[in-house]
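Colleague: Okay, so the sequence shown: first residue is 1 according to this note's numbering, each after it adds one.
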Amino acid sequence: MSTTGPIGIFDSGYGGLTVLRSIVEKLPEYDYLYLGDSARSPYGNRSFETVYHYTLQCVKWFFDQGCPLVILACNTASAKALRTIQQHDLPAIAPDKRVLGVIRPTTEIIGKYSETGMVGVLATNGTVASGSYPIEIEKFYPGLKVVQEACPMWVPLVENNEYKGKGADYFIRKNLENVFEKGPDIDVILLACTHYPLLREKIEEYLPVGVKLLSQGEIVADSLAEYLGRHPEIESRCSRGGHNRFFTTDSTADFDSHATLFFGRPVQSEHLDLEIPGK
Ligand code: DGL
């Protein structure tokens with residue numbers, strides 16, 4: 001007898017709730033289990049080994065909860081851990097389960113939006129250093145020029161509720177100036193980090209006229225809907241009750257207060273103790 005379970009949505013913290021929000025809007029009939037590894041976030045500046053180790057630990061937890069499918073809503077985890085988990089770990093620990101990320105759905109479609117043949121990718125240091133976006137985009141749109149810009153101050157601005165303040169103006173302007181200096185023909189900017197949609201209004205203020213701004217929530221939601229349509233063997237194992245449960249590895253009060261902003265409605269999280277070494 002086959003059993004069903006919720007779709008797992010993973011992020012280093014609460015930022016992935018911007019992705020879950022779009023997924024729930026698009027596919028409200030499924031159950032979702034969200035885990036934010038807030039005790040160890042941000043992942044953006046951590047090494048490959050550390051991000052891989054943390055992400056794998058969380059993926060295993062999702063599997064223990066019965067999730068047949070886990071989405072890494074975090075760009076940094078998608079960039080630094082997904083491939084190894086898919087190719088090395090899954091065949092050994094759960095060959096019948098799937099783990100997907102946010103980079104591929106985005107890189108599959110980004111070229112459709114550019115007329116000049118040059119796109120800008122804004123992300124954390126880790127995502128930029130991994131080179132995942134240029135590498136993946138080249139597969140789908142050979143010759144499309146990708147200009148990356150790491151924006152390491154943007155996550156702390158959002159996390160510290162400064163995303164509407166003057167500090168945000170300073171750093172947004174600075175990073176946008178940098179990216180357009182490197183790529184004057186850019187006509188698409190991708191927000192390749194879970195937190196950046198919260199800065200959207202301010203980013204739009206400093207964006208040259210005619211440049212399109214893409215964020216990932218809807219792209220990932222559309223891609224998940226399509227994936228489930230193409231994979232009935234996974235879809236039939238996703239439970240359908242319309243319930244969402246939220247877990248954090250850190251303080252639930254802190255998670256809940258930020259989560260409302262990212263998810264757009266109140267969240268009541270539960271604490272998960274992952275037995276973090278050295279804690
Ligand atoms: N979730 C991360 C991402 O999308 C941003 C926060 C972090 O650095 O952990 O890259």
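Quick reminder that beta carbons are idealized off the backbone N, C-alpha and C, glycines included.
Source: prediction; values computed, not measured.
1) Just how far apart, CA to CA, sit A81 and I103?
2) On a CA-only basis, which of H271, E25, S78 is nearest Y43? Give me that one, please.
3) Using the rule of at least 16 other Cβ atoms within 10 Å of the residue's Cβ for burial, across every protein chain shown, is Y34 buried or exposed?
4) In whole angstroms, what is the alpha-carbon distance linking C193 and R98?
5) Report the three-state DSSP secondary structure of L190 (helix, strand or coil).
6) Return helix, strand or coil for H271, following the three-state DSSP convention.
7) To the nearest angstrom, how far is it from the Cα of R40 to the Cα of E226?
8) Please report the distance separating the alpha-carbon of D250 from that of L157.
9) What residue range is occupied by the uninterrupted beta strand (DSSP E) comprising N244?
10) I'd like to confirm something about N75: is its beta-carbon nearer than 6 Å to some heavy atom of the ligand DGL, or not?
11) Between T84, V209, Y30, which lies nearest to Y54 when the distance is taken from Cα to Cα?
12) My understanding is that S269 touches G5, with C-beta atoms under 8 Å, so please give their C-beta distance in whole angstroms.
13) E138 by DSSP, collapsed to three states: which one?
14) Just how far apart, CA to CA, sit V267 and P232?
Modeller: Looking at the atomic coordinates:
1) As a position in the sequence shown, residue 81 is number 81, starting the count at 1. As a position in the sequence shown, residue 103 is number 103, starting the count at 1. Between A81 and I103, the C-alpha separation is close to 12 Å.
2) Sequence index remark: in the sequence shown, residue 43 carries index 43 (1-based). Out of H271, E25, S78, S78 has the C-alpha closest to the C-alpha of Y43.
3) Start at 1 with the first residue of the sequence shown, and residue 34 comes out as number 34. Burial call: buried.
4) Walking along the sequence shown from the start, residue 193 turns up at place 193. Walking along the sequence shown from the start, residue 98 turns up at place 98. Approximately 22 Å, taken between the alpha carbons.
5) For the purposes of this step, residue 190 is taken as residue 190 along the sequence shown, with counting starting at 1. Three-state result, L190: strand.
6) By one-based count along the sequence shown, residue 271 stands at place 271. In the structure shown, H271 sits in a strand (DSSP, three-state: E or B).
7) Working through the sequence shown from its first residue, we reach residue 40 at position 40. Working through the sequence shown from its first residue, we reach residue 226 at position 226. Roughly 32 Å separates the two Cα atoms.
8) Translated into the one-based positions of the sequence shown, residue 250 becomes position 250. Translated into the one-based positions of the sequence shown, residue 157 becomes position 157. If you take the alpha carbons of D250 and L157, they lie about 20 Å apart.
9) Reading the sequence shown from its first residue, position 244 is the one you call residue 244. Its beta strand (DSSP E) spans residues 244-248.
10) Taking the first residue of the sequence shown as 1, we reach residue 75 at position 75. Because some heavy atom of the ligand DGL lies under 6 Å away, the Cβ of N75 counts as near it: yes.
11) The residue labelled residue 54 in the question sits at position 54 within the sequence shown. When each option's Cα is compared against that of Y54, the closest is T84.
12) For the purposes of this step, residue 269 is taken as residue 269 along the sequence shown, with counting starting at 1. For the purposes of this step, residue 5 is taken as residue 5 along the sequence shown, with counting starting at 1. Not really, about 19 Å apart at Cβ, beyond 8 Å.
13) Working through the sequence shown from its first residue, we reach residue 138 at position 138. The answer is helix: DSSP assigns E138 an H, G or I state.
14) Start at 1 with the first residue of the sequence shown, and residue 267 comes out as number 267. Start at 1 with the first residue of the sequence shown, and residue 232 comes out as number 232. The alpha-carbon atoms of V267 and P232 are separated by roughly 30 Å.
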